[in-house]
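Numbering (my numbering), first residue to last: 1 to 259.
Presented below is the structure to which this report refers.
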Amino acid sequence: MTTATTVTLDVRDGVGTIRLDRPPMNALDIAIQDRLRELADEVGRRDDVRAVILYGGEKVFAAGADIKEMQRMDHAGMVVRARALQESFTAVARIPKPVVAAVTGYALGGGCELALCADFRIAADNAKLGQPEILLGLIPGAGGTQRLARLIGPSRAKDLIFTGRQVRADEALALGLVDRVVPAAEVYEQAHAWAAALAKGPALALRAAKECVDAGLETDVETGLTIERNWFAGLFATEDREIGMRSFVEDGPGKAVFR
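See the structure below:
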């Protein structure tokens, strides 16, 4: 186990859980932001981590930034800090492995933006999500204006960002902001099941699939197809491809055991 005062990393069965641990609301201060970047880099490098969970505990995912800390900053200070903030969240979004957010309670502001960095979001039935920065005279600054619009569409994103309103789990599911809603007591268990299943999959193919989808969203279709084609051909040089095809031919689909 790797520990810090506000964030921990626990690795079990190929799944690394990045746990926010700053009671009572997991406010995302500078220390947490920097630690998230460090842990994102670490899980990306570690061979024993094949999938990742973002988790804030049983009661709350993250209720947003540390407003008191932000209030003390002036324009010059935030010009410098804003880049580091975005880079921390981008490091999470670029973890080259499957990432699931297990969302309990509040995921607001930076908490919602952190959940947006995951590939899949499982929310508790009591979860509330939103981007309330407009109520402070601000806008989302950790990727919310970009990732939210790409996920749920620009008009729906503008509604949440312009109004600052919170949405309950059922509306978040209807909007596409979360992918599954489960009883609060089952959130982490189901997130771990999702991650553990993918941890048994072909690591390089999963990495390729994630990069193709994410990079393709940032460019035109022809460039995206080129990215896909290069990864597709490149995977023919991997042991996982040999294992997967041999297993399919000899035993049928879905029975391969990847190393």
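Even for Gly, the Cβ is constructed at its ideal location relative to N, Cα and C.
Residue ranges of uninterrupted alpha helix (DSSP H) with 4 or more members, entirely inside the region 106 to 163 and ordered along the chain, are 110 to 116, 144 to 152, 154 to 163. As computed with DSSP, V52 is found in a beta bridge with G16, V99. The residues V100, D179, in chain order, have a CB closer than 6 Å to that of F120 in the same chain once the five nearest residues on each side in sequence are set aside.
With contacts defined as CB atoms closer than 8 Å, R168 and K128 qualify as a contacting pair. The criterion of a C-beta distance shorter than 8 Å is not satisfied by T6 and G57. For I95, the closest of R207, A256, R229, A215 by C-alpha to C-alpha distance is R207. A contact between stretches requires three or more CB pairs, one per stretch, nearer than 8 Å, and the region 48 to 68 meets this requirement with the region 105 to 112. Between A27 and D220, the alpha-carbon positions lie close to 37 Å from each other.
Collapsing the DSSP output to three states places D47 in coil. A residue is called buried when at least 16 other Cβ atoms come within 10 angstroms of its Cβ; L36 meets this threshold and is buried. K158 and L116 have their C-alpha atoms some 15 Å from each other.
In this structure, L235 sits away from R229, with a CB-CB distance that is not shorter than 8 Å.
Per the coordinates, the alpha-carbon of V181 lies some 28 Å from the alpha-carbon of D29.
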